[in-house]
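Engineer: In full-length UniProt numbering, the protein residues as written are 1 to 446. Quick one: the structure is below, questions incoming.
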Ligand SMILES: *Cc1c(COP(=O)(O)O)cnc(C)c1O
């Protein structure tokens, strides 16, 4: 099956130059002189157009996109419904500031978030520009509502690059090194990581390990919030053992702690459900969303229990651009596309194809230690054969070979040894199969 994408970019892989081509190299020189070195890029090619499952670079190379701009272009990078909604809105008005003269699009996005996020309780939302900003505001809301200050986060967590979210993020290099001091009153407890936990450890046992540490080291009655990615993103696409999330959420409920699900990467159809929490029937108190929400436009949200969201005084939440009307129009277009085009199912199909292809490759590739993920959020963890020793060099070599062949793949993981696959849900079966074939060939040759 393929979705009817109706995009302008030819849907095939084609290399006209070596990667990077001459135009990309010229841009790289200009960039080196003008763009801060602290902003990195996975690939040295410069984009000209993108849509469906393809990125076209400035040299006319057509690349298979298995990264979706880090799980952002879930509906593709130029879905007609998004393009149309943006064009219509941008001609009407680009900005008034919701905090000055509000507009309908913001309200409509909040209504949609109330409808789609887990649980049927009364919900409200506040809109922001980036995932990190949503996370910061979720913590603000939880602290304000509970009158407590401590926040518990997990090993391998990624929540952003701003000051508070750096403190929540687990990995020092590249996210935190040299950027301290960090926000205080943040505590880290072990994640459920089935591939690396003692074998046979259940989700409930892993939850108890985390809960005991939080309770003994911090004290349940001091904790405002527990924040967790229901499937971890940058930390390695770690899917916790079944029952883990529910047990942590139950403990939070029993202790008056706000349970925040950071669905910035896993949310919005990516995993074959609207939200990753849905797979386990876990209902968070607050949900943070961004990335896939608006078809590539910058938008983020905190959605949660009305009584929590309403605890904050007027003016305590907001921002000049938060819930920008063009971004809201894009979100409504993207959500409509997800609904109309059956994208939840499509994510599941993509996941099944990736899983079966990688499992077949694993037969002859002992370096594939683990294959995991849900829907169109899949990863393989590479190790020294027969051990759990991370092989980051292999992951980097495989990614490099894919890039040279015109396939965009991303790496991740605390140990840098995970290759993650996050294709746009508008990729065709043929392109997906070709991308996976190049990936498995790269594994063989690397
Ligand atoms: C990407 C990400 C963030 C940060 O989002 P930005 O838009 O980059 O600020 C936060 N949480 C998770 C789980 C993410 O994947």
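Even glycine gets a Cβ: it sits at the ideal position worked out from N, Cα and C.
If you follow the beta strand (DSSP E) that residue 125 is in, where does it begin and where does it stop?
Structural biologist: Element bounds for residue 125: 123-128.
Engineer: Between 435, 401, 338, 130, which lies nearest to residue 20 when the distance is taken from Cα to Cα?
Structural biologist: Answer by Cα proximity: 401.
Engineer: Looking at the strands, I want to know which residues DSSP matches up with residue 390.
Structural biologist: Its beta-bridge partners are 383.
Engineer: Identify which residue in 424, 326, 232 has its Cα closest to the Cα of residue 344.
Structural biologist: Per the Cα distances, 424.
Engineer: Round the Cβ separation of residue 276 and residue 230 to the nearest angstrom and send it over; I've been treating them as touching at under 8 Å.
Structural biologist: The pair is a contact, with the Cβ atoms about 4 Å apart (cut-off 8 Å).
Engineer: With DSSP collapsed to three states, give me the class of residue 187.
Structural biologist: Correct three-state label for residue 187: strand.
Engineer: My output table needs one value for residue 84: the three-state DSSP class, helix, strand or coil.
Structural biologist: In the structure shown, residue 84 sits in a helix (DSSP, three-state: H, G or I).
Engineer: So the alpha helix (DSSP H) residue 259 belongs to, where does it begin and stop?
Structural biologist: Segment 258-262 is the beta strand (DSSP E) holding residue 259; no alpha helix (DSSP H) there.
Engineer: Can you give me the start and stop residues for the alpha helix (DSSP H) that residue 412 sits inside?
Structural biologist: First-last for residue 412: 410-412, but that is the beta strand (DSSP E), not the alpha helix (DSSP H).
Engineer: Ordered along the chain, which non-local residues of its own chain (more than five positions away) have a Cβ less than 6 Å from that of residue 404?
Structural biologist: The answer, listed in chain order, is 19.
Engineer: Near residue 391, which residues of its chain fall below 7 Å by C-beta distance, leaving aside the five closest residues on each side in sequence?
Structural biologist: Around residue 391: 367, 382, 383, 384, 417.
Engineer: Please classify residue 216: is it buried, with 16 or more other beta-carbons within 10 angstroms of its beta-carbon, or exposed?
Structural biologist: Per the 10 Å Cβ criterion, exposed.
Engineer: Compare the Cα-Cα distances from residue 373 to each of 430, 234, 255 and report the closest residue.
Structural biologist: For the residues 430, 234, 255, the minimum Cα distance to residue 373 belongs to 234.
Engineer: Using the rule of at least 16 other Cβ atoms within 10 Å of the residue's Cβ for burial, across every protein chain shown, is residue 313 buried or exposed?
Structural biologist: The residue is exposed, with fewer than 16 neighbouring Cβ atoms inside 10 Å.
Engineer: If you check the beta carbons only, do residue 299 and residue 252 fall under 9 Å apart?
Structural biologist: No; because the gap between Cβ atoms is not below 9 Å, this pair is not in contact.
Engineer: I need the boundaries of the alpha helix (DSSP H) containing residue 293, first residue and last residue.
Structural biologist: That residue, residue 293, is in no alpha helix (DSSP H); it is neither H nor E in DSSP.
Engineer: Assign residue 125 to buried or exposed, taking buried as 16 or more other Cβ atoms, counted over all protein chains shown, within 10 Å of its Cβ.
Structural biologist: Buried, because 16 or more other Cβ atoms sit within 10 Å of the Cβ of residue 125.
Engineer: Pairing CB atoms from the region 354-363 with CB atoms from the region 274-289, are three or more of them under 8 Å?
Structural biologist: Contact fails: fewer than three Cβ-Cβ distances are below 8 Å.
Engineer: Kindly list the residues whose CB is nearer than 7 Å to the CB of residue 49, restricted to its own chain and excluding five residues on each side of it in sequence; keep chain order.
Structural biologist: Taken in chain order, the residues that qualify are 8, 9, 56.
Engineer: Check whether the Cβ of residue 429 lies closer than 8 Å to any heavy atom of ligand 1, and answer yes or no.
Structural biologist: No.
Engineer: Measure the Cβ-Cβ separation of residue 153 and residue 159 and say whether it is below 9 Å.
Structural biologist: Contact flag set, yes.
Engineer: What is the C-beta distance between residue 282 and residue 330, in whole angstroms, given that I count them as a contact (C-beta under 8 Å)?
Structural biologist: With 8 Å as the limit, residue 282 and residue 330 do not qualify as a contact, their Cβ atoms being about 28 Å apart.
Engineer: Return the Cβ separation of residue 302 and residue 186 in integer angstroms, given the expectation that the two are a contact with Cβ distance under 8 Å.
Structural biologist: 18 Å between Cβ atoms; not a contact.
Engineer: Heavy atom of ligand 1 less than 8 Å from the Cβ of residue 345, yes or no?
Structural biologist: Flag unset: Cβ of residue 345 not near ligand 1.
Engineer: Could you check the C-alpha separation between residue 211 and residue 189 for me, to the nearest Å?
Structural biologist: Rounded to the nearest angstrom, the two C-alpha atoms are 8 Å apart.
Engineer: Since residue 306 contacts residue 258 with CB under 8 Å, what's their CB separation in whole angstroms?
Structural biologist: Residue 306 to residue 258, Cβ: 13 Å. No contact.
Engineer: In terms of alpha-carbon separation, which member of 433, 388, 412 lies closest to residue 497?
Structural biologist: In the structure displayed, the chain extends from 1 to 446; residue 497 sits before or after that span and is not available.
Engineer: Which of helix, strand or coil does DSSP assign to residue 35?
Structural biologist: If DSSP states are grouped into helix, strand and coil, residue 35 belongs with coil.
Engineer: Say yes only if the C-beta of residue 115 is nearer than 8 Å to one or more non-hydrogen atoms of ligand 1, and no if none qualify.
Structural biologist: No, ligand 1 has no heavy atom inside 8 Å of this Cβ.
Engineer: Collect the residues with a C-beta less than 5 Å away from any heavy atom of ligand 1 and give them in sequence order along the chain.
Structural biologist: Answer in sequence order: 130, 131, 132, 159, 160, 229, 233, 262, 264, 265, 290.
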